[in-house]
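Participant: Here's a structure for you.
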Amino acid sequence: MIYKVYYQEDSESAPRRESTKCLYAEAESIPDLKKKITDKFNYGIEYVTELNDEYLNYEKEHNPDFSIIKDL
64 MIYKVYYQED SESAPRREST KCLYAEAESI PDLKKKITDK FNYGIEYVTE LNDEYLNYEK
124 EHNPDFSIIK DL
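For reference, each letter of the sequence shown is one residue, going 64 to 135 in the working numbering.
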């Protein structure tokens, strides 16, 4: 499954909407994805959502920086 992850680059800082970034990643489940991200990066995860085909196609068409991380 493909997920969109909203995060802060520093897990120690208080979240600020202006600093929120997102990434797209492939994983078996949300808990699996969160574990892989927190093991590899010092990101503060705010929200994770699964992307359906329609949303995924929209992101591909309208986001020039769109890429999916497959190997976390």
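The C-beta atom is built at its ideal place from N, Cα and C for all residues, glycine as well.
Whole angstroms is fine: what's the gap from L135's alpha carbon to E113's?
Facilitator: Stepping through the sequence shown from its first residue, residue 135 is reached at position 72. Stepping through the sequence shown from its first residue, residue 113 is reached at position 50. Going from the Cα of L135 to the Cα of E113 covers about 17 Å.
Participant: Exposed or buried, Y118, counting other C-beta atoms within 10 Å across all chains shown (16 or more means buried)?
Facilitator: Indexing the sequence shown from 1 puts residue 118 at position 55. Under this definition Y118 is an exposed residue.
Participant: How would you write the range of the alpha helix (DSSP H) that K106 sits in, first residue to last?
Facilitator: As a first step, residue 106 must be located in the sequence shown, where it is residue number 43. In the sequence on display, residue 106 carries Tyr and not Lys. Premise fails: Y106 is in no alpha helix (DSSP H) and is neither H nor E.
Participant: Quick one: grab the DSSP three-state call for E113.
Facilitator: Residue 113 sits at position 50 when you count from the first residue of the sequence shown. E113: strand per DSSP, three-state reduction.
Participant: What three-state label does DSSP hand K84 in the structure shown?
Facilitator: Taking the first residue of the sequence shown as position 1, residue 84 is located at position 21. Three-state DSSP puts K84 in a strand.
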